[in-house]
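Novice: Each residue of the sequence shown is one higher than the one before, counting from 23 in this note's numbering. A virtual CB, placed ideally from N, CA and C, is assigned to each residue, including glycine. Keep in mind that this is a model prediction, so the values were computed, not measured.
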Amino acid sequence: TSLLLQAVAEVVSAGGRPLVHIIHRSKTGIVTPSLAAVDAVIAAFGTSVDLVVDACQGRISPETVDTYLARGATIFLTGSKFIGGPPFSAWALVPASLSARMNSGAEVPAGLSHFFARGDMPTGWHDTDNILPRRTNFGLLLRLEAGLFELERLLAMPMERVDSVISAFANMMENLSHSMPFRLLEGSADEYASGDHLNHMSPAHPLDRKMLYVIKITDRIPVTDAALNIEQARAIYRALYTDMSDAFSGPRDALVAAEICHLGQPVKCLKFADGDWAPTLRLSLSAPQIFEMIGLDADRLAERFSADIERIAAKIRLVITTLH
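Shown next as C-alpha cells:
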C-alpha cells in the first residue's frame, strides 16, 4: 500500500493524473492491489486518480463488480476466457462519474479515433461526437451478444450448485495424488478465494472463489533423467491439443495420444536458482464446464474431475517420453 501511495503521489505532484491498474484474476489467478490499498488511494487523492480494473479473465461476481463501480473504477471484461464466448467480445463497465466527464464539454483525445467508432461508446458521451468516426461494427456487436449470452446463462444457474462444482474442482486440485506427473505450484492455493481481498466480505460469492491453478510438471525426461524447462512445457502444451496417435504403435498409447486436453499455456511465474523458468501449465474451470456439470451430485463430481485429471496426466506422461 505504501509503495502504491508513493507512486501515485509522485504523479500527482508532477501535475499528472495517475491511472491505477487493478488486476482482478491474472493468468495465474492473483488479485492486486487489495481493496484496502485502493481505498487508501481514494482516501488520499479522491477524484484526482482514475481506477481501472482488468477483470478480463471473467472470474468475478456481480457483487464484486458493484464493489469496484462504487469506488469509481472502470471494469474491463471479456466474453471469452472463463465465460466461454468468442474471442474479441470485450466490453467496459463505466461508473457514472466517468460518464459525466465524457459529457462535460471537455476536450477528448483525438487518438481514440484510431481504436473506436462512435457506436462503440455510450450514446450519452457527447464529447466524442465530433472525434469518433460513425461506422457500424456488426462483427463486434455479434461477438458481444454471444459473450453476453454465455454470461447470462452462467448467472442464471443456481449459485449453490455453481459453488458445488467449484468446490469439487478445488478439492481435487488441492489434494492431487503423488502419482501425478505434476504438482500444485506452491502458493497457488489462493488467499483470495475466501473473499479476503474484499475486506472479508462474507459469504464469498462462488464466482469470487479460486477456479484457476498453476501446476509444475515434475516428471523427468526418461532418457536423460533431466528436469523439464519452460520451453519443453510449451511443447507439452501444444501436444495436449494435438492428436498424436500416429506416433505410437501400441493401441493403449495411441488412444491416450489421441486425446485433446485443453489446458492453459505455460506462464513464467517461478524461476529456479540457475535462472531457468519452471515448466508450468494451468488448469481452470470455465463457465460452459460448470454448466455441463451443474446437475451432478458430490460423488459424481468427484468421479468426473478425477477421471479428467487422470486423462490429462496420462497424456502428459506420454508426451514426456517423446522429449529429449
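Do Gly51 and Gly80 have their CB atoms nearer than 9 Å?
Specialist: no
Novice: So, does the region 179-188 touch the region 308-327, judging by three or more C-beta pairs under 8 Å?
Specialist: yes
Novice: Mind checking whether Leu170 and Gly107 have CB atoms under 9 Å apart?
Specialist: yes
Novice: Could you compute how far the alpha carbon of Leu277 sits from the alpha carbon of Cys291?
Specialist: 33 Å
Novice: Do Arg304 and Ile237 have their beta-carbon atoms positioned less than 9 Å apart in this structure?
Specialist: yes
Novice: Who are the near neighbours of Ala132 in its chain, counting only those whose CB is closer than 8 Å to its CB and skipping five residues on each side?
Specialist: Ile153
Novice: Could you tell me whether the region 87-103 touches the region 63-74, where touching means 3 or more Cβ pairs closer than 8 Å?
Specialist: Short answer: they touch.
Novice: Check whether the Cβ atoms of Val42 and Val63 sit closer than 9 Å, and answer yes or no.
Specialist: Closer than 9 Å, so yes.
Novice: Pick from Ala128, Gln254 and Tyr90: whose alpha carbon is nearest that of Ser56?
Specialist: Tyr90
Novice: Use the C-beta contact count for Cys283: other C-beta atoms within 10 angstroms, 16 or more gives buried, fewer gives exposed.
Specialist: buried
Novice: Using CA atoms only, rank isn't needed, just tell me which of Tyr263, Arg47, Val53 and Ala66 is closest to Gln28.
Specialist: Ala66
Novice: What does the alpha-carbon distance come out to for the pair Ala92 and Arg140?
Specialist: Between Ala92 and Arg140, the alpha-carbon positions lie close to 26 Å from each other.
Novice: Does DSSP classify Tyr263 as helix, strand or coil?
Specialist: coil
Novice: Can you name, in chain order, every residue of its own chain whose Cβ lies under 6 Å from the Cβ of Leu345, other than the five neighbours on each side?
Specialist: Ile243 and Gln254
Novice: Helix, strand or coil: which one does DSSP assign to Thr150?
Specialist: Three-state DSSP puts Thr150 in a helix.
Novice: Do you know whose CA, among Met143, Asp241 and Ser201, lies nearest Asn125's CA?
Specialist: Met143
Novice: Asn251 and Asp298 look like a contact to me (Cβ under 8 Å); what is the Cβ gap, rounded to whole Å?
Specialist: 5 Å
Novice: Using a threshold of 9 Å, state whether the C-beta atoms of Arg165 and Phe110 are closer than that.
Specialist: Cβ distance < 9 Å, so Arg165 and Phe110 count as in contact.
Novice: Kindly indicate which residue of Ser189, Phe138 and Ala261 has the alpha-carbon position closest to the one of Arg231.
Specialist: Ser189
Novice: Quick check on this structure: which residue in Glu32, Asp241 and Gly161 has the alpha carbon closest to the alpha carbon of Thr343?
Specialist: Asp241
Novice: Using C-beta distances below 7 Å, list every residue in its chain close to Asp212, excluding the 5 sequence neighbours before and after it, in chain order.
Specialist: Annotation note: pLDDT 49 at Asp212 (below 50); position unreliable, coordinate value reported separately. Counting only Cβ-Cβ distances below 7 Å, and skipping sequence neighbours, we find Gly51 and Lys232.
Novice: Leaving aside the five residues before and after Ser328 along the sequence, list all residues of the same chain whose C-beta is less than 7 Å from its C-beta, in chain order.
Specialist: Met194
Novice: Grab the span of the alpha helix (DSSP H) containing Ile338 for me, first residue to last.
Specialist: Ala320 to Ile342 is the span of the alpha helix (DSSP H), which, as asked, contains Ile338.
Novice: Which value, in whole angstroms, describes the spacing of the CA atoms of Ser199 and Arg39?
Specialist: Rounded to whole angstroms, Ser199 to Arg39 spans 51 Å at the Cα level.
Novice: Cβ atoms of Ser267 and Ile105: under 9 Å apart, would you say?
Specialist: no
Novice: Grouping DSSP H, G and I as helix and E and B as strand, with all else coil, what is Ser70?
Specialist: helix
Novice: Which stretch, first to last residue, makes up the beta strand (DSSP E) that contains Thr96?
Specialist: Ala95 to Thr100
Novice: What's the gap between the Cα of Tyr235 and the Cα of Met202?
Specialist: If you take the alpha carbons of Tyr235 and Met202, they lie about 15 Å apart.
Novice: Among Ser186, Ser48, Gly37 and Val60, which residue has its Cα nearest to the Cα of Leu26?
Specialist: From the listed residues Ser186, Ser48, Gly37 and Val60, the smallest Cα separation to Leu26 is found for Val60.
Novice: Taking CB distances under 9 Å as the criterion, tell me whether Tyr90 reaches chain C.
Specialist: Looking at the structure shown, chain C is missing, and only one protein chain is on hand.
Novice: Opposite Ile239 in the DSSP bridges: which residues?
Specialist: Phe204
Novice: Taking the beta strand (DSSP E) that Ser14 falls in, what are its first and last residues?
Specialist: Residue 14 is absent from the structure shown; the chain starts at 23 and stops at 346.
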